[in-house]
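Visitor: Structure incoming, see below.
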Amino acid sequence: MAELERLRSDHAPALLVFERENRGYFAASVPDRGDAYFVEFEERHRALLDEQEAGTIHFHVLVGEGGEILGRFNLVDVDAEGGAELGYRVAEKATGRGVATAGVREVCRLAREEYGLSRLTAVTTLDNEGSRAVLGRVGFGAVGSVTLDGRAGASYELDLAAA
1 MAELERLRSD HAPALLVFER ENRGYFAASV PDRGDAYFVE FEERHRALLD EQEAGTIHFH
61 VLVGEGGEIL GRFNLVDVDA EGGAELGYRV AEKATGRGVA TAGVREVCRL AREEYGLSRL
121 TAVTTLDNEG SRAVLGRVGF GAVGSVTLDG RAGASYELDL AAA
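The sequence shown maps to residues 1 to 163 in full-length UniProt numbering.
Encoded structure:
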């Protein structure tokens, strides 16, 4: 059974493996992180943990039984009005098993109960049917159109008080 955990420093090695193993898979649906992300991974990981301590982001990893990372579920751009943007990615080998839906549901619960947030937003491309389905299952509603990396997309919103 996989467990959603708040990002910690000791997740770094498994997280780097996750990002490397799934780089090509992710690049098919979201902009690639670029080579610098991998070269500067340790410094970036420390900086994200510092931001998390400040409360401006809340990062989570879905850890499998063997300690491998199966997904990331992040709340970024936390604002004083109780809003944040949800972003997530799941390992290719974990797709199609409800992992993304369960992870998004849990991070929404944490957003409401642990972080005191009241509203989440998310964006995805129109051709990312899996991500759009996950957002719909969890209760996000489409609220507008966006362009992501030159591709047509949609923006979504979830009122956590009503969820």
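Idealized CB from N, CA, C, for every residue including glycine. Since this is a predicted model, take the numbers as computed values, not measurements.
#1: Is it right to say residue 7 is buried, meaning 16 or more other beta carbons lie within 10 angstroms of its own, or is it exposed?
#2: What does a CB cutoff of less than 7 Å around residue 161 pick up in its chain, not counting 5 residues either side in sequence?
#3: Would residue 107 and residue 86 be called neighbours here (beta carbons separated by less than 8 Å)?
#4: Pick out whichever of 130, 94, 114 and 55 has its Cα sitting closest to the Cα of residue 22.
#5: Quick one: is residue 105 near chain B, going by C-beta distance under 8 Å?
#6: Please classify residue 39 as buried or exposed, where buried requires at least 16 other C-beta atoms within 10 Å of its C-beta.
#7: Taking Cβ to Cβ, would you say residue 138 is nearer than 8 Å to residue 99?
#8: Buried or exposed for residue 37, please, with buried defined as at least 16 other CB atoms from any protein chain shown within 10 angstroms of its CB.
#9: So, do the segment 10-30 and the segment 40-60 have three or more beta carbon pairs nearer to each other than 8 Å?
#10: For residue 69 and residue 62, I'd like the C-alpha separation in whole angstroms.
#11: Among the candidates 2, 75 and 131, whose CA atom is the shortest distance from the CA of residue 49?
#12: Could you tell me if residue 71 is buried or exposed, where buried requires 16 or more neighbouring beta carbons within 10 angstroms of its beta carbon?
#13: Go through its chain and collect everything with a Cβ distance to residue 77's Cβ below 7 Å, but skip five positions before and after it.
#14: Quick one, are the C-beta atoms of residue 134 and residue 154 less than 8 Å apart?
#15: Whole angstroms are fine: how far does the CA of residue 159 sit from the CA of residue 141?
#16: For residue 90, count the other beta carbons within 10 Å of its own beta carbon; 16 or more makes it buried, fewer makes it exposed. Which is it?
#17: Assuming the contact rule is C-beta atoms closer than 8 Å, residue 34 and residue 82 should be a hit. Round their C-beta distance to whole Å, please.
Guide: On the basis of the coordinates in this document:
#1: For the purposes of this step, residue 7 is taken as residue 7 along the sequence shown, with counting starting at 1. When all chains shown are included, residue 7 counts as buried.
#2: By one-based count along the sequence shown, residue 161 stands at place 161. 118.
#3: Against the sequence shown, residue 107 aligns to sequence position 107. Against the sequence shown, residue 86 aligns to sequence position 86. Closer than 8 Å, so yes.
#4: In the sequence shown, counting from the first residue as 1, residue 22 sits at position 22. It is 94 whose Cα lies nearest to the Cα of residue 22.
#5: Among the protein chains of the structure shown there is no chain B, as only one such chain exists.
#6: As a working mapping, residue 39 is identified with position 39 in the sequence shown. Exposed, since its Cβ has fewer than 16 Cβ neighbours within 10 Å.
#7: By 1-based counting over the sequence shown, the position of residue 138 is 138. By 1-based counting over the sequence shown, the position of residue 99 is 99. In this structure, residue 99 does not lie closer than 8 Å to residue 138 by Cβ.
#8: As a first step, residue 37 is located in the sequence shown; it is residue number 37 there, counting from the start. Looking at its Cβ environment, which holds fewer than 16 other Cβ atoms inside 10 Å, residue 37 is exposed.
#9: Contact holds: three or more Cβ-Cβ distances are below 8 Å.
#10: Along the sequence shown, one-based indexing puts residue 69 at 69. Along the sequence shown, one-based indexing puts residue 62 at 62. Answer to the nearest angstrom: the Cα atoms are 6 Å apart.
#11: Here residue 49 corresponds to residue number 49 of the sequence shown, with the count starting at 1. Out of 2, 75 and 131, 75 has the C-alpha closest to the C-alpha of residue 49.
#12: By one-based count along the sequence shown, residue 71 stands at place 71. When all chains shown are included, residue 71 counts as buried.
#13: Position 77 of the sequence shown holds residue 77. Excluding positions up to five away in sequence, the list reads 84 and 85.
#14: For this step, residue 134 is matched to residue 134 along the sequence shown. For this step, residue 154 is matched to residue 154 along the sequence shown. It is not a contact, given that the beta carbons lie outside the stated cut-off.
#15: Within the sequence shown, the letter at position 141 stands for residue 141. Within the sequence shown, the letter at position 159 stands for residue 159. Cα to Cα, the separation comes out at about 9 Å.
#16: Residue mapping note: residue 90 aligns to position 90 of the sequence shown, counting from 1. Looking at its Cβ environment, which holds 16 or more other Cβ atoms inside 10 Å, residue 90 is buried.
#17: Start at 1 with the first residue of the sequence shown, and residue 34 comes out as number 34. Start at 1 with the first residue of the sequence shown, and residue 82 comes out as number 82. 32 Å between Cβ atoms; not a contact.
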